[in-house]
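Trainee: Pasting a structure here, questions to come.
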Amino acid sequence: MASSAEEDQHAGGLVRPTEYDIRDSNVELVNSELDHKVKHNSAATEPAWRAGGVGAESGLYVWRIEKFTPVLVPKAKHGHFFEGDSYIVLHSHRGAPTTTNTTTTNNNNIDETAAKKKLVHDIFFWLGAHTTQDEAGTAAYKTVELDEFLHGAATQHRELQAAPSDEFVALFPRLTVRRGGVASGFHHVDALSLKDKKGDGERLVLLRVFRHPPAAAVAGRGGPGSAVVVHEVEPTWRSLDEGDVFILDQGNHVSVWQGRRCSPIEKAKAAQIVHDMTDGRRVKVNVEVLSQTESRARAVLKALGASDDDIAAAADAFHAPRPMRTSAAATAPLAAGSEPPRKRSRKLFRLSDASGQLEFRLVGDDGVEGGETISREDLVGDDVFLLDDAGKTIWVWEGSRASTAEKAMWLRVAQAYVRKLQQGEDGAAAGDVYLTPIAKVREGNESAAFLRAVQVV
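Numbering-wise (numbering that gives the first Met the number 0), the sequence shown opens with residue 0 and increments by one.
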């Protein structure tokens with residue numbers, strides 16, 4: 000972070016903590032000087048992992064980091080996240096057959112009976128856009144610790160608020176991201192009790208409601224388009240987009256603004272969200288549903304600060320980028336006259352200290368003409384490998400016989416690789432490369448998504 004972040008920044012008498020710079024190295028303290036035995040002993044005594052069924056039963060568990068401690072989130076609040084916080088999410092389920100954990104290196108045999116009985120674990124550590132450095136570091140460290148508690152059988156995923164993986168979004172029928180957080184000192188309450196910065200009125204809350212296209216297919220539940228994202232955005236008319244639904248909460252009056260191109264599913268989901276928001280409020284709430292094409296929808300624009308000139312200039316065309324990137328964006332049609340982004344090829348790198356010093360080198364590139372396609376057979380259990388799945392996900396595969404140094408460096412190496420791409424050294428435009436999902440698996444406990452990435456046949 001900039002040096003100014005170290006200065007005391009006061010807001011309403013509160014000292015703002017140092018935020019984690021998501022573009023910088025990813026919590027590199029993890030695994031740097033920590034021993035597996037120490038981690039496991041710590042994991043065994045961590046009260047958070049003592050929640051009923053953790054590691055032994057199928058289910059979903061969510062913890063929010065509060066003062067360096069993972070605090071269990073009630074099931075009723077699953078899917079609710081604050082952008083000022085960091086979270087750990089454990090998804091345990093009976094998985095599809097995967098490779099068995101054998102002593103031979105390149106064995107792709109599948110023991111279906113064992114696989115059906117095997118409990119598969121995915122650990123996601125989710126970093127809000129304004130989480131603090133301490134919270135981000137704690138979430139990453141505790142993720143490693145939870146993996147130790149699960150005997151190293153979990154797939155670890157780093158999740159960023161601005162670009163969560165399809166697998167993460169699929170865990171929640173409704174994913175809600177709100178402003179505020181524990182360390183910020185701001186806790187969201189109903190708009191009725193919030194005042195704006197000027198102190199002369201109620202604080203406006205604007206929520207954007209949109210579908211996450213691929214999520215339902217990943218989750219295998221609910222049918223296409225069943226997953227929806229509810230994201231708090233800046234309460235200004237410039238946040239509106241004609242493809243989505245927006246909910247403007249003014250306390251005792253709620254307006255639902257339906258963009259001209261929003262889907263019926265988004266309309267239905269928004270109606271349910273408004274019901275959930277207003278149910279139980281102590282005062283009567285007036286709910287008004289407005290279509291973008293209606294003249295009375297101007298009232299929403301006015302409430303969001305638009306002048307008559309702003310409304311005339313907009314010409315009823317509203318285009319604001321979504322606050323959350325999805326994998327579907329990569330296959331979306333290009334705007335007229337625009338050029339497609341330069342796509343990265345699939346690449347495989349090997350991290351090895353067999354020569355006496357740690358080396359990271361390219362061992363496979365699907366973009367090389369005449370080269371062989373990267374496959375599971377290229378992975379050797381003596382080392383750690385990094386697979387760049389053409390920018391979709393950066394996978395780290397840890398061999399069962401990899402050295403302590405190789406295992407300890409995987410996170411640093413993955414983040415250094417992302418930084419290199421971000422700087423454009425790969426020949427591709429950097430853009431938002433830093434948002435690429437990062438996940439790690441261990442030999443013998445590969446996830447189905449990883450096996451698809453290495454094209455196991």
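Using N, Cα and C, we set each Cβ at its ideal position, and we do this for glycine too.
Please read all numbers here as calculations on a predicted model, not as lab measurements.
Could you tell me the distance, in whole angstroms, from the CA atom of Ser31 to the CA atom of Thr137?
Mentor: As a working note, residue 31 is residue 32 in the sequence shown. As a working note, residue 137 is residue 138 in the sequence shown. Because the pLDDT at Ser31 is just 42, under 50, the model does not fix this residue reliably, and the value given afterwards should be weighed accordingly. Cα to Cα, Ser31 sits roughly 14 angstroms from Thr137.
Trainee: Rounded to the nearest angstrom, what separates Gly242 and Cys261 at their Cα positions?
Mentor: Residue numbering aside, residue 242 sits at position 243 when the sequence shown is read from its first letter. Residue numbering aside, residue 261 sits at position 262 when the sequence shown is read from its first letter. Computed Cα separation, rounded: 5 angstroms.
Trainee: So, for Lys268: in the same chain, excluding its five sequence neighbours on each side, which residues have a beta-carbon less than 7 angstroms away from its beta-carbon?
Mentor: Counted from its first residue, the sequence shown places residue 268 at position 269. Taken in chain order, the residues that qualify are Val208 and Val227.
Trainee: When you compare only the Cα positions, how much space is there between Asn444 and His156?
Mentor: For the purposes of this step, residue 444 is taken as residue 445 along the sequence shown, with counting starting at 1. For the purposes of this step, residue 156 is taken as residue 157 along the sequence shown, with counting starting at 1. Asn444 and His156: Cα-Cα distance of roughly 14 angstroms.
Trainee: For the candidate residues Ser344, Ala353 and Ser351, whose alpha-carbon lies nearest to that of Glu368?
Mentor: Your numbering for residue 368 matches position 369 in the sequence shown. Measuring from the Cα of Glu368, the nearest candidate turns out to be Ser344.
Trainee: Measure the CB-CB distance between Phe124 and Val72 and report whether it falls below 9 angstroms.
Mentor: Numbered from 1 along the sequence shown, position 125 holds the residue referred to as residue 124. Numbered from 1 along the sequence shown, position 73 holds the residue referred to as residue 72. Going by C-beta atoms, Phe124 is not nearer than 9 angstroms to Val72.
Trainee: Tell me which same chain residues have a C-beta within less than 7 angstroms of the C-beta of Glu65, skipping the five on either side of it?
Mentor: Within the sequence shown, numbered from 1, the residue matching residue 65 stands at position 66. Here the set comprises Val181.
Trainee: Please report the distance separating the alpha-carbon of Thr154 from that of Phe449.
Mentor: Taking the first residue of the sequence shown as position 1, residue 154 is located at position 155. Taking the first residue of the sequence shown as position 1, residue 449 is located at position 450. Their Cα atoms are separated by approximately 9 angstroms.
Trainee: Check Gln414 in the structure and name its three-state DSSP category.
Mentor: Along the sequence shown, read from residue 1 onward, the residue named residue 414 stands at position 415. Here Gln414 sits in helix by DSSP.
Trainee: Using a Cβ-Cβ cutoff of less than 6 angstroms, which residues in the same chain neighbour Asp34 once the five nearest sequence positions on both sides are dropped?
Mentor: Position 35 of the sequence shown holds residue 34. Because Asp34 sits at a pLDDT of 44, beneath the cut-off of 50, its placement in the model cannot be relied upon, and the following sentence gives the value as read from the coordinates. Hits under 6 angstroms: none found.
Trainee: Are Leu118 and Ser91 close, meaning C-beta to C-beta below 9 angstroms?
Mentor: The residue given as residue 118 occupies position 119 in the sequence shown. The residue given as residue 91 occupies position 92 in the sequence shown. Contact annotation: Leu118 and Ser91 have beta-carbon atoms nearer than 9 angstroms.
Trainee: Tell me, please, which residues DSSP counts as bridged to Ser85.
Mentor: Here residue 85 refers to the residue found at position 86 when the sequence shown is read from its first residue. Answer is Leu126.
Trainee: Would DSSP call Arg297 helix, strand or coil?
Mentor: Reading the sequence shown from its first residue, position 298 is the one you call residue 297. The answer is helix: DSSP assigns Arg297 an H, G or I state.
Trainee: Report the rounded CA-to-CA distance for Lys406 versus Val412, giving the unit in angstroms.
Mentor: Indexing the sequence shown from 1 puts residue 406 at position 407. Indexing the sequence shown from 1 puts residue 412 at position 413. Approximately 10 angstroms, taken between the alpha carbons.
Trainee: Measure the C-alpha to C-alpha separation of Phe148 and Arg321 and round it to an integer number of angstroms.
Mentor: Taking the first residue of the sequence shown as 1, we reach residue 148 at position 149. Taking the first residue of the sequence shown as 1, we reach residue 321 at position 322. Cα to Cα, Phe148 sits roughly 37 angstroms from Arg321.
Trainee: In whole angstroms, give me the CA-to-CA distance for Ala447 and Gln414.
Mentor: Taking the sequence shown and counting its residues from 1, one reaches residue 447 at position 448. Taking the sequence shown and counting its residues from 1, one reaches residue 414 at position 415. C-alpha separation (whole angstroms): 23 angstroms.
Trainee: Which residues in the same chain have their Cβ closer than 6 angstroms to the Cβ of His79, if we skip the five residues on either side of it in sequence?
Mentor: Stepping through the sequence shown from its first residue, residue 79 is reached at position 80. Contacts found: Thr175.
Trainee: Excluding sequence positions up to five away, which residues of its chain have a Cβ less than 6 angstroms from the Cβ of Glu158?
Mentor: Within the sequence shown, the letter at position 159 stands for residue 158. Cβ within range, chain order: Phe123, Trp125 and Phe167.
Trainee: List the endpoints of the continuous alpha helix (DSSP H) containing Gly136.
Mentor: Working through the sequence shown from its first residue, we reach residue 136 at position 137. Gly136 -> alpha helix (DSSP H) spans Gln132 to Phe148.
Trainee: What residues in its chain sit with their C-beta under 7 angstroms from that of Thr101, if we drop five residues either side in the sequence?
Mentor: Numbered from 1 along the sequence shown, position 102 holds the residue referred to as residue 101. Reliability fails at Thr101, whose pLDDT of 39 lies under 50, so the model's placement of it is uncertain and no value is given.
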